[in-house]
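Down below is the structure, laid out as structure tokens.
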Amino acid sequence: MTSPAATIESVLKETRLFPPPEEFVRQARINPQEYQRLHEWAERDPDGFWAEQAKILDWFAPWTQVLDWSNAPHARWFVGGKLNASYNCLDRHLANRGDKIALLWEGEPGDSQAWTYRQLHAEVCRLANVLKKLGIRTGDRVTIYMPLVPEAVAAMLACARIGATHSVVFGGFSAEAVADRNNDAGSKLIITADGGWRRGKIVPLKDNVDIALSKSPTVKTCLVLRRTGQPVQMVPGRDFWWHELMADASPDCPPEVLDSEHPLFILYTSGSTGKPKGVLHTTGGYLLGTALTHRWVFDIRDEDVYWCSADVGWVTGHSYVVYGPLANGATVVLYEGAPNHPQEDRFWQIIEKYKVTIFYTAPTAIRSFIKWGEEHPRKHNLSSLRLLGSVGEPINPEAWMWYHTVIGGGRCPIVDTWWQTETGAILIAPIPGAVPTKPGSATRPLPGIRAAVVDKAGRPVPPNTGGYLVIQRPWPSMLRTIYGDDERYRQAYWGQIPGVYFTADGARQDEDGYFWIMGRVDDVLNVSGHRLSTMEIESALVHHPKVAEAAVVGRPDEIKGEGIVCFVTLKQGVTPSAELKEELKAHVVKDIGALARPDDIRFTDALPKTRSGKIMRRLLRDIAAGRSTTGDVTTLEDFSILARLREEEEG
Ligand code: WTA
């Protein structure tokens, strides 16, 4: 791991404090007294605390033990308890909320649909029966590679209903990435669509699946939703149209009674090696974590129109588009496309049209909105909004203030939520009616979560000193393992610092105990709120026949947070050229997906390495950012490389 001192370059000098607005506190689910009570209770009696919270879910059979940590770091939560996630998200709402809108969807071209809880339930039951007919059983894995349409939500819940473990792959990933994930999970079936809309163009999802399936021997069946209507190839016996099979499927499908620890989903995310990690979440703890934090942090109530702009291909979509909000019976807005299509005011138009009350997005989006100009939100009536959220990367105080003033009209609290694919649910965030906010700080851990900033040996560091963010106690929605790789789970999360969960984020705590997250200390980049591993991009580059070696680093980017810079050495006899740079960028896109497109490729004769052969990334980061190189470079094998890299940059 890199030293946090290297990552924490600017200690923010932010002193503004925003107490929760009085009006908000008066009606809040959790007021300051209740907040205090929950914290004290969770510290005093964690098991009793979680047992009581777990009552927000419907259980088919009770658990006998809240937490079994005897096989640490493998946790079992609500041992012996039985439930079903789709039952909790659908069936239990039918009596009182059957006609309430569950999904308010808008496609990029402007088409729209509203699905009630009853309709979503019927669709999920029918689809669950289709999956069964196609041979899917409890415990099988199913890949979902779809645009953001209501049917994608139905697909996830249909899997949950029959106990199939879903693996959603974001539609921006390439065919290669889909194949890798199919193979790692051993998926038996893939659910996709002909295509999806993105900035007026069709993303050819089915064509990508065709390529992926030529390399995914375990996947025998492909279910295809018609979305865009362009011609696609259907392989007889393997590919089936969604609408054809759904036409004769029964809407009656009792939910499978599943163990609390039944695997709900696998979601692949980047770690510090070239191979993505299949983060495994199970049913009871995950659903409790997402439902509870969605209540606490978003203060959700029946009248709310809630919009989280994430795609279901990311964990934010899993937890705060699908499972958390639907478990709470909320009305959820979904939007398929880009924020600047057809114009830069698309999001504000959606908020006005659907009278959105809670809006949750990423800092990178906010920074784009700032760049596009205030006139876009100003054109729309945003007075329905009462609460704003931020997720995915540190939010800079300027972006926070703009969000607060221009979007929130100065009246909406902002919840800056820190969490990870691995944590399943929000761990550090203000509860809006209880915790004063500071622009740029995720504030304090939620009740039941014990977090700290420590040094490499696990010793707490003094206030306002950078260190590693760790979680000191297991929590219900934590990942259970890396699919198929228990050792990597133990080593990456519990083997770095004795006895605690290592987040791989640098942070500091201020004198009020507020957490300021500084970003990753491993080789994971955060590009527009998306996690990307430098090693994954390097491995894509070295697979190109003209590349000898590659080193990839992030450099600060005003909009994206981090941009991708690749230092590349070419094989003997290959001439560097502008065309070759484009070719290499296209190669990375093909291998991983458009989200990994390098911003900059720099050819160099050699890469700076230590005597033991490790690439000196810190040096490369400094060069990529145009900073003067600081720190110790005496381990450089060849000082002249530094000079040459500099020349290349200046030349
Ligand atoms: C970063 C996304 C600062 C962090 C939910 C973490 C944040 C990584 C915040 C996880 C935040 C997420 N402030 N940094 N509010 N939220 N991060 O797995 O570096 O895609 O480790 O989960 O995003 O990214 P992931």
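In this text, residue positions in the sequence shown follow my numbering: the first is 510, and each later residue adds one. From the three backbone atoms N, C-alpha and C, an ideal C-beta is built for every residue, glycine too.
Query	Result
ILE565: first and last residue of the uninterrupted beta strand (DSSP E) it sits in	Segment: none, ILE565 is in no beta strand (DSSP E) and carries neither H nor E.
Segment contact flag, the segment 537-545 with the segment 802-809, C-beta cutoff 8 angstroms, min 3 pairs	yes
Simplified DSSP assignment, three categories, for CYS668	helix
ILE645 and LYS729 closer than 8 angstroms at C-beta	no
Whole-number beta carbon distance between PRO1065 and ALA1016, since they are thought to touch under 8 angstroms	About 18 angstroms separates the two Cβ atoms, so there is no contact after all.
C-alpha distance - CYS731 paired with ILE653, whole-angstrom precision	10 angstroms
Residue span of the alpha helix (DSSP H) that contains ILE1101, given as start and end	Looking at the DSSP string, ILE1101 is not in any alpha helix (DSSP H), and its letter there is neither H nor E.
Reduced DSSP secondary structure (H/G/I, E/B, other) of CYS731	strand
Coil, strand or helix - ARG876 by DSSP	helix
Three-state secondary structure (DSSP) of HIS583	strand
Cβ-Cβ separation, ILE1068 to SER877 (assumed contact under 8 angstroms), whole Å	6 angstroms
THR926 beta carbon near the ligand WTA (any heavy atom closer than 7 angstroms)	yes
Short Cβ contact (8 angstroms threshold) for TRP572 with PHE558	no
Residues sharing a beta bridge with SER899, DSSP	THR870, ASP925
Nearest candidate by alpha-carbon position, reference GLU902, set LYS642, ALA570, TRP624, SER950	SER950
Supposed contact pair ASP1108 and GLY1072 - C-beta distance, whole angstroms, cut 8 angstroms	4 angstroms
heavy atom of the ligand FMN below 7 angstroms from THR990 C-beta	Ligands displayed in this structure: the ligand WTA; the ligand FMN is not among them.
Proximity test, ALA818 beta-carbon vs the ligand WTA heavy atom, cut-off 7 angstroms	The residue you asked about is not Ala; residue 818 is Ser in the sequence shown. Flag unset: Cβ of SER818 not near the ligand WTA.
THR652 in three-state terms, based on DSSP	strand
Cβ-Cβ distance between GLU617 and GLY846 below 8 angstroms	yes
Own chain, CB closer than 6 angstroms to ALA758, minus 5 neighbours either side, in chain order	ARG635, ASN638, VAL639
Identity of the residue in PHE774, ALA966, LYS862, ALA1013 nearest LEU891 by Cα	LYS862
For VAL733, the nearest candidate out of GLY933, ASP600, GLY704, THR727 (CA to CA)	GLY704
Between the CA atoms of GLY672 and TYR832 - distance to the nearest angstrom	15 angstroms
Element boundaries [beta strand (DSSP E), containing MET1027]	1024-1029
Cutoff 7 angstroms; reference TRP1025; Cβ partners in own chain excluding five residues on either side	LEU521, GLY949, SER950, ALA1016, ARG1017, ASP1019
Nearest residue (CA-CA) to TYR844, options VAL534, GLY619, SER579	GLY619
Pairwise C-alpha distance: HIS1052 and ASP1114	18 angstroms
Residues bridged to LYS591 (per DSSP)	ALA570, ASP768
Three-state class that DSSP yields for ARG1064 in the structure shown	strand
GLU523 versus MET910: straight-line alpha-carbon distance, rounded	12 angstroms
Proximity below 8 angstroms, CB of LEU1077 to CB of LEU1050	Residue identity differs from the one stated: residue 1077 is Val in this sequence, not Leu. Yes.
8 angstroms Cβ cutoff met for LYS1094 and VAL1056	no
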